[in-house]
Amino acid sequence: MFVIFGAAGNVGRVSAAALRRAGREVRAVVRNERQGELLADLGCEIALADLLDPRSVARAIDGAYAVQMLCPVPHADPDPAATMRRMIDVGAGALRENPPQRVLALSDYGAEHADGTGITTLFHYLETQLAPVATQLIFLRAAEHMQNWARVLPIALAKGVLPSLHHPLSKLFPTVAAQDVGLLAAELLLDERPARVSPRVVSIEAEERVSSFDVARTFGALAHREIVAHDMPRGEWAAMLQGAGFGANYARLITDLYDAHNAGRIDVEAPISERRFGATALADVFASILPRVATVPAAAAER
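Under this note's numbering, the first residue of the sequence shown is numbered 11, with each subsequent residue one higher.
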């Protein structure tokens, strides 16, 4: 049994589908029955679990051969860092108590750093808490997801300006399509070759790095309008993020992350990490997002 936490998300759903195509039994762990409907149609067993509840997490991994672990950052929580650490403690505790043969944890570029990287420090905590689990352990560190740009694309469409926290705008940074992460995760879980090292660290990004100028140009070409990249002044980041509905603590995690990005700290851990490259281009991801963001009213995009 392959157990996929976060199976309703962009990564987990692709992993679950790939494992089902490979003929494996999959238990899709979701928060509610509605999230499980499409996964049930794929032939997945559905398990409802609260990642803060040790009993439900223990039930979800019972009998697992392999587990794909995702601890999502709880954006709406008043203290997202503390809550995510509790999720990690619950998941790691369940895996230490009942270790499967293989565990793959979805992590981030920069997770080798213990501090100073905002959200990414939470993935460092995830890796350190999972390290004692008696299993073949894989940390799959992904670059910034291309899909994350969906949050600001409505603004770009409405105003012709793409706000960016990547400074300078010409700086190249790694990105990756979520579906490529999901496919690689399934591939790694299915790899039966004996592990040469545990934990095994694998990094994935797209074949080409991009700049904020590239992001604006790519979206503008698809939207058939001129879109200009704009480097948001550092002093305005927190207000912009809180104006978008994020709490102060979550906004701080984001600003700290992009400070680390702009200082060059969010990258592949060479020579520790294996390198993999996703085939999906930024234009392909934006083409799938555009119909959705085009329906967002201009007034809503400007908030």
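From the three backbone atoms N, C-alpha and C, an ideal C-beta is built for every residue, glycine too. This one's a predicted model, so the numbers in the text were calculated from it and none came from an experiment.
- Secondary structure remark: continuous alpha helix (DSSP H) runs of at least 4 residues inside the region 177 to 261, in chain order: 188 to 200, 222 to 233 and 247 to 253.
- The alpha-carbon separation between M156 and V295 amounts to approximately 7 Å.
- Contact between the region 217 to 229 and the region 199 to 207 is absent: fewer than three C-beta pairs spanning the two stretches fall below 8 Å.
- Judged by their CB atoms, A57 and A104 are not nearer to each other than the 8 Å cut-off.
- Annotation for M79: the continuous beta strand (DSSP E) segment containing it runs A76 to M79.
- The distance from the Cβ of H240 to that of S174 is about 7 Å, consistent with a contact at the 8 Å cut-off.
- Bounds of any beta strand (DSSP E) do not take in R161, whose DSSP letter is neither H nor E.
- Annotation for D125: no beta strand (DSSP E) segment contains it, and DSSP assigns it neither H nor E.
- In this structure G288 is buried. Its beta-carbon is surrounded by 16 or more other beta-carbon atoms within 10 angstroms.
- Within a 10 Å sphere around the beta-carbon of Y135 sit 16 or more other beta-carbons, which makes this residue buried.
- Beta-bridge pairing by DSSP links R286 to I214.
- Counting every other CB atom within 10 Å of its CB across the protein chains shown gives Q111 a total below 16, marking it as exposed.
- For L150, the secondary structure class from DSSP, reduced to helix, strand or coil, is strand.
- Distances from the alpha-carbon of K169 to those of A304, A188, G46 and F149 put A304 closest.
- CA-CA distance, R44 to E215, rounds to 31 Å.
- Y75 counts as exposed, since fewer than 16 other C-beta atoms from the protein chains shown sit within 10 angstroms of its C-beta.
- Residue state for A59 is assigned as coil, using DSSP reduced to three classes.
- A straight-line Cα-Cα distance of about 15 Å links P243 and Q252.
- Runs of the alpha helix (DSSP H) lying entirely within the region 74 to 116 and spanning at least 4 residues, in chain order: 90 to 107.
- In the structure shown, A38 adopts extended strand secondary structure according to DSSP, grouped into three states.
- Residue A38 holds the alpha-carbon nearest to the alpha-carbon of Q78 among A280, A226, A38 and S283.
- In this chain, the alpha helix (DSSP H) harbouring V295 covers L292 to V303.
- Excluding sequence positions up to five before and after L61, its CB lies within less than 7 Å of the CB of V67, C81, M97, V100 and G101, all in the same chain and listed in chain order.
- The region 187 to 201 makes contact with the region 28 to 37: 3 or more CB pairs, one atom from each, lie closer than 8 Å.
- Shortest Cα-Cα distance from A141 to any of Y260, V113, L232 and G255 involves V113.
- Taking 8 Å as the cut-off, the beta carbon of L167 is found closer than this to the beta carbon of A233.
- C-alpha of R151 to C-alpha of L48: approximately 27 Å in a straight line.
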